[in-house]
Amino acid sequence: MKKLSGLFAAGAAVMMLSTAPGFTEEATIWVRADGSNFMPQIVEAFNKGHENQIKLDIIPTAELVQKYATAAAGGTAPDGLSLDLIYTPAFAAAGQLEDITDWAKGLSYFDQLSPAHVKTGTYKGRIYGLPFSADSSVLIWNKKLFREAGLDPDKGPANWAEIEADAEKVNALGGEVKGFYFSGNCGGCNIFTFMPLVWASGGDLLSDDGTKATVDTPQMRDAIAFYRSMVEKGLVPEGAQTDSGANFFAAFAAGNIGIAPSGAFAIGALNTQYPDIEYGLTYLPGKEGGWSSFAGGDNFVVTKGTPKLAVLKEFLDYAYSLEGQTLLASRGSLPVRGDIAKEALKGLDPRYQTAADAMAKGKTPYSVVFNDIINSQNGPWVQMVNEVFFGDDVDGSLATAQETMQSIIDAGGANQ
Amino acid sequence: MSSISHAAREAVSAAPRRRRRLGRSEWIGLLYVAPAVALVAVFFVAPLVMTAFMSLHNWPLMGEHRFIGFDNYVAAWKDIRFWRAMNFTIYYTLIVTVAIFAVAFPLALFVETPRRFNGFYRTAYFLPVVVGFASASLLWVWLLNVDAGLFSPAAVALGITPKKVNLLADFDLAFWSVIVMVVWKVAGFTMVILMTGLQSIPAELSEAAKIDGAGAFSRFRLITLPMMRRTIALALILSVAGSMLAFDQFYIILAGGPRNQTITAVYWIFSQSFVSFKLGYGAALSMVLLVILVVLSLVQLRLLRNPEGLE
Chain H
1 MKKLSGLFAA
11 GAAVMMLSTA
21 PGFTEEATIW
31 VRADGSNFMP
41 QIVEAFNKGH
51 ENQIKLDIIP
61 TAELVQKYAT
71 AAAGGTAPDG
81 LSLDLIYTPA
91 FAAAGQLEDI
101 TDWAKGLSYF
111 DQLSPAHVKT
121 GTYKGRIYGL
131 PFSADSSVLI
141 WNKKLFREAG
151 LDPDKGPANW
161 AEIEADAEKV
171 NALGGEVKGF
181 YFSGNCGGCN
191 IFTFMPLVWA
201 SGGDLLSDDG
211 TKATVDTPQM
221 RDAIAFYRSM
231 VEKGLVPEGA
241 QTDSGANFFA
251 AFAAGNIGIA
261 PSGAFAIGAL
271 NTQYPDIEYG
281 LTYLPGKEGG
291 WSSFAGGDNF
301 VVTKGTPKLA
311 VLKEFLDYAY
321 SLEGQTLLAS
331 RGSLPVRGDI
341 AKEALKGLDP
351 RYQTAADAMA
361 KGKTPYSVVF
371 NDIINSQNGP
381 WVQMVNEVFF
391 GDDVDGSLAT
401 AQETMQSIID
411 AGGANQ
Chain L
1 MSSISHAARE
11 AVSAAPRRRR
21 RLGRSEWIGL
31 LYVAPAVALV
41 AVFFVAPLVM
51 TAFMSLHNWP
61 LMGEHRFIGF
71 DNYVAAWKDI
81 RFWRAMNFTI
91 YYTLIVTVAI
101 FAVAFPLALF
111 VETPRRFNGF
121 YRTAYFLPVV
131 VGFASASLLW
141 VWLLNVDAGL
151 FSPAAVALGI
161 TPKKVNLLAD
171 FDLAFWSVIV
181 MVVWKVAGFT
191 MVILMTGLQS
201 IPAELSEAAK
211 IDGAGAFSRF
221 RLITLPMMRR
231 TIALALILSV
241 AGSMLAFDQF
251 YIILAGGPRN
261 QTITAVYWIF
271 SQSFVSFKLG
281 YGAALSMVLL
291 VILVVLSLVQ
301 LRLLRNPEGL
311 E
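Order-wise, the sequence lines are chains H and L. Taking the UniProt record's numbering, the leading residue of the first sequence gets 1, the next gets one more, and so forth. Taking the UniProt record's numbering, the leading residue of the second sequence gets 1, the next gets one more, and so forth.
Below is the structure:
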């Protein structure tokens, strides 16, 4: 392996020699398929106006981490990568990423960049990732069904009791119509949309530094009771129990769901693909009001030792410009630069502003084992949400989840 | 099979004890087996050695690996979730093997006796075998879907259940759905193996027994079954090994659910290697599974070997 990477380095050196000034350089970047609504557009816009070029590969979301890891092991990793921000600590811990602290701190608007991104992009005090795309979790409701159910279509629910009452009224319409939807067997979906309910009420799942799991809190139990009650009342379709995320967006888009927690991405997707759906958008509320959100999206990271750093900087500078931020926003990715967010969103669907506010004040859990405890289809978090929403033993499920999560965190910490 | 092993045994006993230079014909023999040896070396021995080597390292999917001796094996020994998965795999293997034989044996008896349209029946039963496991699983994902699928809505339409039942939400329903799918997919293959065994039984034996007044059941028990020992052994070992390595159907249809109750050993190895990025640990688990499989196969061969004096 050592010899091989030496060879690659030599090859890279030769390539650098051949790309003397005057020649255009091409850097390869990857993005997960979730970004296919905005990434090709911004790359195309960049390539049109610049001498240096970006080559984009779109990778299936679930395979991105494996593909990148095997490519890195084989010396064929892309120069840069738009990476789900929650993975940044794990990638940095594995020593795959270039330390870009100096570059980041040199940006005049560094302190205006999305704090959630910068927090997850930082590992042991050094910066390995810069914000690229952003998505926050919000609550959406179907205005047409609200009207039919005799509710005010312009007023979204502002606490749990209102959500449940509104869902019941919509559900009473009968037929295919159901009051509420969530993907009951999907870890990613529920950290994104269920945890904000808990956060907004004052609870948390992990300690700030990610070293302690705090599963069993009164706020968590309240939120579970809230979902269980809606399941028991039959406000949620049967399929929700086994939905591992495939219907996370599609269920609401079909037009038969009254209320669903979702993300800012839904604005772009509904407006372009389902223009007939009339929907409202508000924050994910706490039990008695207030609100919270999961601040998600992608960090831009750089493969360690890439010779194309200059091209990537040029590309990111463009993405951070007003032109770039506006383009990204119009395709459904929220601005990541706070100082020009308002300007970038001007003239766009006003619901983006709500989502952008949610983003700015959103939370992002920090963990080097996020994949293991939260996103993995067989991890403790998925098992717990499925059990507590649909099973009979909430106490046992919470205890098991707490124990399993803590043991994975402890083992993960020891490995680093 | 037996003639080859006979020849091999004779060759071994004929070989002189002291070493000597290889003769011309032996060199030619080596040349003939060389491609096979090369294939086995490259695609079996090398990966196996590599896996064994990796299993002694902390080998993350990304980043540097380092030697840690037998730590992975110690961790595997203490890994409750791996042994739970192993438990489930054995439970699944037992049930699915019985189910496959319960379906394949009658099918084999049925298509073996000469009758009209036999070719059609054989083809029909065998067809699901040629569908890949992954594509078959995807087909069943749709069939089993509670809202858009076939079974749940059909049961409601036919008045069997009052409302749609989510077949994948409950362990027993989900587990048996997969069993039905696997039997549908695999029984045809076992049927063909058993059929060749049935066809190799000389008809005279059965006729002689008939003349002696043996009924259909005793003929089956005393002639067919003993004569099919080898065939059954083959079908059994293939079925058990295949089931112990089950992955696709549980990954695609159930994703290990409901509530992680259908995670098989290979699923857990995959998950440790490519979800948790612990390649070294996954390699160690693979070695453990390999040993278990070898032991299981040896036990089956022993149980089903020919009784003394009957060759």
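Glycine is no exception: its CB is placed at the ideal position from the N, C-alpha and C atoms. Quick caveat, the model's predicted, so the values are computed rather than measured.
Separation of residue 92 of chain H and residue 198 of chain H (C-alpha to C-alpha, rounded to the nearest whole angstrom) is 29 Å. Under a criterion of Cβ atoms nearer than 9 Å, no residue of chain H is adjacent to residue 112 of chain L; the nearest Cβ is some 41 Å distant. One finds 66 in chain H with Cβ atoms closer than 7 Å to the Cβ of residue 274 of chain L, taken in chain order. Excluding residues up to 5 positions away in sequence, 374, 375, 376, 377, 379, 381, 382 and 385 lie with their Cβ nearer than 8 Å to the Cβ of residue 187 of chain H in the same chain. In the three-state scheme derived from DSSP, where H, G and I count as helix and E and B as strand, residue 131 of chain H is classed as strand. By the Cβ neighbour-count rule, residue 44 of chain H is exposed, with fewer than 16 other Cβ atoms within 10 Å of its own. One alpha carbon belongs to residue 98 of chain L, the other to residue 106 of chain L, and they sit about 13 Å apart. Residue-level contact by beta carbon holds for residue 95 of chain H and chain L, with a gap shorter than 9 Å.
Assigned with DSSP and collapsed to three states, residue 378 of chain H falls in coil, not helix or strand. The bridge partners DSSP lists for residue 141 of chain H are H:259 and H:280.
Distance from residue 224 of chain L to residue 85 of chain L at the Cβ level is roughly 38 Å; contact not present, criterion being Cβ atoms closer than 8 Å. A direct Cα-to-Cα measurement between residue 268 of chain H and residue 118 of chain L gives close to 58 Å.
Between residue 136 of chain H and residue 329 of chain H, the C-beta spacing is not below 9 Å. In the assembly as shown, residue 365 of chain H is a buried residue. Its beta-carbon has 16 or more other beta-carbons within 10 Å.
Distance check between residue 179 of chain H and each of H:194, H:229 and H:193 places H:229 closest, using alpha-carbon atoms only. Remark: C-beta atoms of residue 177 of chain L and residue 95 of chain L do not approach each other more closely than 9 Å. In the assembly as shown, residue 171 of chain H is a buried residue. Its beta-carbon has 16 or more other beta-carbons within 10 Å.
Under the three-state reduction of DSSP output, residue 157 of chain H falls in the coil class, being neither helix nor strand. For the options L:127, L:280 and L:168, the alpha carbon positioned closest to that of residue 242 of chain H is the one of L:168. Not flagged as an interface residue toward chain H: residue 282 of chain L, since no C-beta distance is shorter than 9 Å. Residues of the same chain with a CB within less than 6 Å of the CB of residue 263 of chain H, apart from the 5 flanking positions on each side, are 135 and 137 in chain order. A straight-line Cα-Cα distance of about 14 Å links residue 209 of chain L and residue 226 of chain L. Excluding its 5 nearest sequence neighbours in each direction, residue 195 of chain L has C-beta neighbours in its own chain below 7 Å: 108, 111 and 112, listed in chain order.
Not a single CB atom of chain L sits nearer than 9 Å to the CB of residue 299 of chain H. Residues are counted here when their Cβ sits less than 8 Å from a Cβ of chain L; for the stretch 232-250 of chain H these are 237, 238, 239, 241, 242 and 244, given in chain order.
The Cβ of residue 401 of chain H sits no closer than 9 Å to any Cβ of chain L. In the DSSP annotation of this structure, the continuous segment of the beta strand (DSSP E) that includes residue 26 of chain H starts and ends at 26-32. Taking a Cβ-Cβ cut-off of 8 Å, the neighbours of residue 372 of chain H in chain L comprise 275 and 276, given in sequence order.
Inter-segment contact for the stretch 142-154 of chain H and the stretch 215-233 of chain H is absent: fewer than three beta-carbon pairs are separated by less than 8 Å. Of the other Cβ atoms in all chains shown, fewer than 16 fall within 10 Å of the Cβ of residue 199 of chain L; this residue is therefore exposed. Take the alpha-carbon of residue 164 of chain L and the one of residue 217 of chain H: they are about 35 Å apart. Nearest Cα to residue 288 of chain H within the set H:174, H:158, H:129 and H:97: H:158. In this structure, the alpha-carbon of residue 113 of chain H lies about 16 Å from that of residue 82 of chain H. Counting only runs of at least 4 residues, the stretch 296-335 of chain H fully encloses the following alpha helix (DSSP H) elements, listed from N- to C-terminal order: 309-320 and 322-330. Considering only beta carbons, no part of the stretch 139-153 of chain H lies closer than 8 Å to chain L. Between the C-alpha atoms of residue 92 of chain L and residue 245 of chain L there is a straight-line separation of about 11 Å.
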